[in-house]
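Peer 1: One structure is given below, represented as structure tokens, and several questions about it will come after.
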Amino acid sequence: MPLREAAMRIPWLKTIAGALPVGLLALAGCTTGPDALVPSGAARRLDPSGTHAQLGPTALRVMSFNIWLGGELVDFGKVVEAIKLSGADVVGLQESEGNARRIADLLGWAYADERLQIISSHPLIAPPDGNGIYTFIQLVPGQVVAMSNIHLPSNPYGPELVRDGSPLAEVLANEADTRMAWLQDYLPHWRTLITAGMPLLLTGDFNTPSQRDWTAEVVGARAHILYPVQWPVMLAVEQLGFVDTYRAVHANAKAKPGITWTFGYPHPRLRANEVQDRIDFVFAAGAKHIIDSRIVGPAGERDVDVAVDPYPSDHLGVVSTVMLDPVEPPVFVAVAAVRVEAGTPLGVHYHAPGGEGTDRLVLVHAGADPITNALAALPPQEAGYFGRVNFGTGGLQPGEYAVVLLGAADQELSRSAFWVVAPGAVPAVSVDASQYKVGMPVTVTWGAAPARKFDWVGIYKADDPDLFNYLAFAYTNATVAGTYTFGAAELGAGLLAPGEYVMRLMSDDGYACLAAVRFAVVE
């Protein structure tokens, strides 16, 4: 799949404002009342009020789990069993391939963020500033921690370069060009949250080891560690204030390597000369205490604390129990889903400083002024400090919209975008021409996409049915509708020779085709 087969940074993708027909019919807002009322403020702990309980430090069990191509290569039920046995409260999945909601349902959990591949036993709220990079976990109404989940590109893989004789300078240059380049979109968001005092969890398959494992003491103890390496991704993450929860509990990397990749495809089928390392992590910033950290994997393997047989993935899971002090979030409005079929309710979470006396929630077309172009609004008496309401969508035509939180002086405090699609709408993809001359850019447009974290568009030769053999790809940035132009940077000189091609819209970190369109390249 793209993340494991190519080393590319996620491109900045443009959403299409008004790309689909937008109706002018106003909507009557159907609402439900607020979950709870809490005082407003920046990210901080709530002041005791006598009315609203202060949760204080609480333990949360967090798991990182790459389930391997949707979790169905061995036994999907074992994926669910592994999570149950781990005792996790929240899980950052990788390679879920659209199965995040399915796994949550089988666990009996009501909450799944498919843009982030995070599932949870606690409510998840995706603030607009999160932009598919982080979400809030609501531990009690009005008090949250944040969580991010990541899957970095794998190739070229640093430990294999070391094994095969590459010098340190070459290994570090490769890290800069692949995983560090990709990480740049995340670092500013994480820095902002940590600086504001928001507890932040980070899970992921990083496809890079830790400098805490590649030390002078470990050189020679493991065959492929030929010299110490200060792995740049891990340094960058820890410099922000993140703590490697596994190493916080198991400090001796020589005695407790904590290998997570790989013990087999599936276990125990292992390739000759395989490089094994710890590349799956649970990080925490702003934690009060790391209580424990355990490995979930096949029975009988080193350092496995929670055994599952047969084991369903090529990656082992990591589950850490972290003591966190949740905080009051910043002011926000957040839609519960970015893709809504017309006629179904749109859930809207909010944290409003003025409460019922001053603030209101306004539904508008994308980019529209909420004062002069409101489609629907909740009257002030229906707005609370912190809670959720529902808008109906029966009167909306397919297109892009937003819910805006307005303050007492009609100032815009927060805006959260979403798309309405027709009932039963299926994903679609198109290109801006049926025929291109050699060297011309190719612009692709998609619509009604599921908006999962790693949906992507790829160019293929029309006569090659092998879905692994894409020529170029770009992520959709978890959007329902958008556009991207493949130019010289992606295609390279002469990459698209004269011939027939297919542009495919592909699902969530995998190879399931959602839509396709043909085009030709001529001299």
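Per the numbering used here, the sequence shown starts with residue 248, numbered consecutively.
Cβ atoms here follow ideal geometry from the backbone N, Cα and C, with glycine treated the same way.
Only counting the same chain, and skipping five residues up and downstream in sequence, which positions put a Cβ closer than 6 Å to that of Gly641?
Peer 2: Within the sequence shown, numbered from 1, the residue matching residue 641 stands at position 394. Contacts found: Gly590.
Peer 1: Let me know the secondary structure DSSP gives Leu482 once reduced to three states.
Peer 2: Residue mapping note: residue 482 aligns to position 235 of the sequence shown, counting from 1. Of the three classes helix, strand and coil, the one that applies to Leu482 here is helix, per DSSP.
Peer 1: Measure the alpha-carbon distance for Val582 versus Asn637 and round it to whole angstroms.
Peer 2: If you number the sequence shown from 1, residue 582 lands on position 335. If you number the sequence shown from 1, residue 637 lands on position 390. Spanning the two alpha carbons is a distance of roughly 9 Å.
Peer 1: Between Pro559 and Ile314, which are expected to be in contact by the criterion C-beta below 8 Å, what is the C-beta distance as a whole number of angstroms?
Peer 2: If you number the sequence shown from 1, residue 559 lands on position 312. If you number the sequence shown from 1, residue 314 lands on position 67. Right, their Cβ atoms sit about 7 Å apart.
Peer 1: Write down the C-beta distance between Glu647 and Ala613 rounded to the nearest angstrom, noting that I regard them as a contact closer than 8 Å.
Peer 2: Locating residue 647 in the sequence shown gives position 400, where the first residue counts as 1. Locating residue 613 in the sequence shown gives position 366, where the first residue counts as 1. Glu647 to Ala613, Cβ: 4 Å. Contact.
Peer 1: For a test of the three-state rule: what should DSSP assign to Leu752, helix, strand or coil?
Peer 2: By one-based count along the sequence shown, residue 752 stands at place 505. Strand, per DSSP.
Peer 1: Quick one: what does DSSP say Asp452 is sitting in, helix, strand or coil?
Peer 2: Working through the sequence shown from its first residue, we reach residue 452 at position 205. In the structure shown, Asp452 sits in a strand (DSSP, three-state: E or B).
Peer 1: Just to confirm the assignment: which complete alpha helix (DSSP H) runs, minimum length 4, are found wholly within the stretch 309-364?
Peer 2: Correct list: 323-333 and 347-354.
Peer 1: With H, G and I counted as helix, E and B as strand and the rest as coil, what does DSSP make of Ala420?
Peer 2: Residue numbering aside, residue 420 sits at position 173 when the sequence shown is read from its first letter. Ala420 falls in the helix class under three-state DSSP.
Peer 1: Would you say the beta carbon of Ser663 is closer than 7 Å to some non-hydrogen atom of the ligand NAD?
Peer 2: With respect to small molecules bound, the structure shown includes none, and the ligand NAD cannot be examined in it.
Peer 1: Look up Glu407 in the DSSP assignment and say whether it is helix, strand or coil.
Peer 2: One-based indexing of the sequence shown puts residue 407 at position 160. Helix, per DSSP.
Peer 1: Below 7 Å CB to CB, which residues in the same chain sit around Ala423 once its five sequence neighbours on both sides are set aside?
Peer 2: By 1-based counting over the sequence shown, the position of residue 423 is 176. Correct list, in chain order: Pro479.
Peer 1: Would you call the CB atoms of Ala393 and Met310 closer than 8 Å?
Peer 2: In the sequence shown, counting from the first residue as 1, residue 393 sits at position 146. In the sequence shown, counting from the first residue as 1, residue 310 sits at position 63. No. Outside cutoff.
Peer 1: By the 10 Å Cβ neighbour count, where 16 or more other Cβ atoms means buried, how is Ala721 classified, buried or exposed?
Peer 2: The residue labelled residue 721 in the question sits at position 474 within the sequence shown. It is buried - the Cβ of Ala721 has at least 16 other Cβ atoms within 10 Å.
Peer 1: Thinking C-alpha only, which one of Pro674, Leu332, Leu487 and Gly686 is nearest Thr692?
Peer 2: For this step, residue 692 is matched to residue 445 along the sequence shown. Checked all of Pro674, Leu332, Leu487 and Gly686; the closest Cα to Thr692 is Pro674.
Peer 1: Can you name, in chain order, every residue of its own chain whose Cβ lies under 7 Å from the Cβ of Leu738, other than the five neighbours on each side?
Peer 2: The residue given as residue 738 occupies position 491 in the sequence shown. Counting only Cβ-Cβ distances below 7 Å, and skipping sequence neighbours, we find Ala719.
Peer 1: Go to Leu578, then tell me how far its alpha helix (DSSP H) extends in each direction, as first and last residue.
Peer 2: By one-based count along the sequence shown, residue 578 stands at place 331. Going by the sequence as given, residue 578 is Val instead of Leu. Looking at the DSSP string, Val578 is not in any alpha helix (DSSP H), and its letter there is neither H nor E.
Peer 1: May I ask which residues mark the beginning and end of the alpha helix (DSSP H) holding Ala495?
Peer 2: The residue you call residue 495 lines up with position 248 of the sequence shown. Note, Ala495: alpha helix (DSSP H), Thr492 to Val496.
Peer 1: Taking all protein chains shown into account, decide if Asn724 is buried (16 or more other Cβ within 10 angstroms of its Cβ) or exposed.
Peer 2: The count along the sequence shown starts at 1 and reaches residue 724 at position 477. Buried: at least 16 other Cβ atoms inside 10 Å.
Peer 1: Judging by CA-CA distance, which residue of Ala347, Arg349, Ala335 and Leu386 is the nearest neighbour of Pro576?
Peer 2: As a first step, residue 576 must be located in the sequence shown, where it is residue number 329. The shortest C-alpha separation from Pro576 is found at Leu386.
Peer 1: Between the stretch 395-412 and the stretch 724-735, do three or more beta carbon pairs fall short of 8 Å?
Peer 2: No, they do not touch.
Peer 1: Taking the beta carbon of Val681 as the centre, do at least 16 other beta carbons fall within 10 Å, making it buried, or is it exposed?
Peer 2: As a working mapping, residue 681 is identified with position 434 in the sequence shown. Note that residue 681 is Ser in the sequence shown, not Val. With fewer than 16 Cβ atoms within 10 Å of its Cβ, Ser681 is classed as exposed.
Peer 1: Short of 7 Å in beta carbon distance, which residues of its chain neighbour Asn346, apart from the five on each side in sequence? Order them along the chain.
Peer 2: Numbered from its first residue, the sequence shown carries residue 346 at position 99. For Asn346, where only same-chain residues beyond five positions count, the Cβ hits under 7 Å are Gly317 and Gly318.
Peer 1: Compute the Euclidean distance between the alpha carbons of Leu593 and Ala655, then round it to the nearest angstrom.
Peer 2: Position 346 of the sequence shown, counting from 1, holds the residue named residue 593. Position 408 of the sequence shown, counting from 1, holds the residue named residue 655. Roughly 24 Å separates the two Cα atoms.
Peer 1: Rounded to whole angstroms, what is the Cα-Cα separation between Tyr597 and Phe579?
Peer 2: On the sequence shown, position 350 is the one that residue 597 refers to. On the sequence shown, position 332 is the one that residue 579 refers to. Taking the straight line joining both Cα atoms gives about 6 Å.
Peer 1: In three-state terms, what does DSSP make of His436?
Peer 2: On the sequence shown, residue 436 is found 189 positions in, with the first residue counted as 1. Helix at His436.
Peer 1: How many angstroms separate the CA atom of Asp755 from the CA atom of Ala554?
Peer 2: Here residue 755 corresponds to residue number 508 of the sequence shown, with the count starting at 1. Here residue 554 corresponds to residue number 307 of the sequence shown, with the count starting at 1. Cα to Cα, the separation comes out at about 28 Å.
Peer 1: For Val327 and Asp679, I'd like the C-alpha separation in whole angstroms.
Peer 2: Sequence index remark: in the sequence shown, residue 327 carries index 80 (1-based). Sequence index remark: in the sequence shown, residue 679 carries index 432 (1-based). Those two C-alpha atoms are separated by around 43 Å.
Peer 1: Please determine, among Ile542, Leu652 and Pro645, the residue with the shortest C-alpha to C-alpha distance to Val609.
Peer 2: Residue mapping note: residue 609 aligns to position 362 of the sequence shown, counting from 1. When only C-alpha atoms are compared, the closest one is Leu652.
Peer 1: At which residues does the alpha helix (DSSP H) containing Ala735 begin and terminate?
Peer 2: The residue labelled residue 735 in the question sits at position 488 within the sequence shown. Looking at the DSSP string, the run of the alpha helix (DSSP H) that includes Ala735 is Ala735 to Leu738.
Peer 1: For Met687, which three-state DSSP category applies?
Peer 2: Counting from one through the sequence shown, the residue named residue 687 turns up at place 440. Coil, per DSSP.
Peer 1: Look at the Cβ atom of Tyr493, then the Cβ atom of Val529, and state whether they are nearer than 8 Å.
Peer 2: Translated into positions along the sequence shown, residue 493 becomes position 246. Translated into positions along the sequence shown, residue 529 becomes position 282. Taking 8 Å as the Cβ cut-off, Tyr493 and Val529 qualify as a contacting pair.
Peer 1: Cβ atoms of Leu430 and Glu417: under 8 Å apart, would you say?
Peer 2: Counting from one through the sequence shown, the residue named residue 417 turns up at place 170. Counting from one through the sequence shown, the residue named residue 430 turns up at place 183. Contact: no.
Peer 1: By alpha-carbon positions, which one of Trp461, Gly389 and Arg469 ends up nearest to Gln477?
Peer 2: Here the question's residue 477 lines up with position 230 in the sequence shown. The option with the nearest alpha carbon to Gln477 is Trp461.
Peer 1: Quick one: Cα of Thr568 to Cα of Pro456, how far?
Peer 2: To locate residue 568, count along the sequence shown from 1; it is residue 321. To locate residue 456, count along the sequence shown from 1; it is residue 209. Each residue's alpha carbon lies about 21 Å from the other.
Peer 1: Could you tell me the distance, in whole angstroms, from the CA atom of Tyr381 to the CA atom of Trp508?
Peer 2: Numbered from its first residue, the sequence shown carries residue 381 at position 134. Numbered from its first residue, the sequence shown carries residue 508 at position 261. Answer to the nearest angstrom: the Cα atoms are 25 Å apart.
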